[in-house]
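Those letters in the sequence shown? Residues 24 to 206, per my numbering, in order. Report on the structure given below.
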Amino acid sequence: MDEHGKEPIDTLGDWKRTHDCGVLRKENVNDEVILMGWVNSRRDLGNLIFIDLRDRGGITQVVFDPQGSQEAHERAHILRNEWVVAVRGKVSLRLKGQENTGLSTGDIELNASELKILNRTETPPFQVDGAVDASETLRLKYRYLELRRPQMFHNFRQRHRIGSCIRTFLDRLGFMEVETPIL
Numbered sequence: 024m025d026e027h028g029k030e031p032i033d034t035l036g037d038w039k040r041t042h043d044c045g046v047l048r049k050e051n052v053n054d055e056v057i058l059m060g061w062v063n064s065r066r067d068l069g070n071l072i073f074i075d076l077r078d079r080g081g082i083t084q085v086v087f088d089p090q091g092s093q094e095a096h097e098r099a100h101i102l103r104n105e106w107v108v109a110v111r112g113k114v115s116l117r118l119k120g121q122e123n124t125g126l127s128t129g130d131i132e133l134n135a136s137e138l139k140i141l142n143r144t145e146t147p148p149f150q151v152d153g154a155v156d157a158s159e160t161l162r163l164k165y166r167y168l169e170l171r172r173p174q175m176f177h178n179f180r181q182r183h184r185i186g187s188c189i190r191t192f193l194d195r196l197g198f199m200e201v202e203t204p205i206l
């Protein structure tokens, strides 16, 4: 614990992300992976703790089971929404009837063996996942949070791809893009 009574922030050390959160499938069962991202939501069922881990690629459910790793399970008790974490674990199939058809990764989950807390955050002024019930003024003030929302991220990704296609097309025709402060 530090002087404020909090656990110190972890460092990555030699950890490197092996997959984005949205790409794991049944074919990855039994693979040892490292995921990194934001805690999208957390459910504490006492003996088991579940988090939905979100990154630019999607969401993966992570399970903290004391039988798998007591240390990771104990650390998972303090996790809160929007904290940045790295998790190492083994991919497994979800139990029959526990699948989530709303997620591309809904057939699998990650059984955590190690947890690193990379950054803590205050409680956000509005929820990043799902519908936002915040005013436009508040969303613009906290634009960096607004851009984490899946719909906003999708819109910016589409805008980037369209702009990139236009630039490539015009570049092949010999045009040059010039940015000047004042024309």
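Ideal Cβ positions, reconstructed from N, Cα and C, are used throughout, including at glycine.
Terminal residues of the beta strand (DSSP E) in which residue i lies
i, result
"ASP67", "55-67"
"GLN121", "First-last for GLN121: undefined, no H or E at that position."
Outcome for residue i when other beta-carbon atoms lying within 10 angstroms are tallied against a minimum of 16
i, result
"ASN63", "buried"
"SER92", "buried"
"ILE205", "exposed"
"LYS119", "exposed"
"ASP78", "buried"
"GLU105", "buried"
"LEU116", "exposed"
"HIS100", "exposed"
"GLY186", "exposed"
"ARG98", "buried"
"GLN84", "buried"
"HIS42", "buried"
Supposed close pair residue i, residue j - CB separation, criterion 8 Å
i, j, result
"LEU35", "GLY60", "Contact flag wrong, Cβ pair sits at about 13 Å."
"ASP33", "LEU141", "6 Å"
"GLY81", "CYS44", "5 Å"
"VAL110", "ALA135", "5 Å"
"LEU168", "PRO147", "6 Å"
Nonlocal neighbours in the same chain, by C-beta distance under 7 Å from residue i, ignoring five residues either side
i, result
"VAL114", "LEU47, ASN51, VAL52, ASN53, ASP54, VAL56, ILE131, LEU133"
"HIS96", "ILE72, PHE87, ASP88, PRO89"
"MET8", "The first residue shown for the chain is 24 and the last is 206, placing residue 8 beyond what the model contains."
Cβ shell of residue i (< 6 Å), same chain only, five flanking positions each side left out
i, result
"ARG171", "VAL151"
"ARG66", "PHE73"
"ARG143", "TRP106"
CB contact below 8 Å: residue i versus chain B
i, result
"ILE185", "Of the protein chains in this structure there is only one, and it is not chain B."
Within the segment 77-142, ranges of the alpha helix (DSSP H) (whole runs, at least 4 residues): 93-99
Completely contained alpha helix (DSSP H) runs for the segment 142-194, where each covers 4 or more residues: 159-164, 166-169
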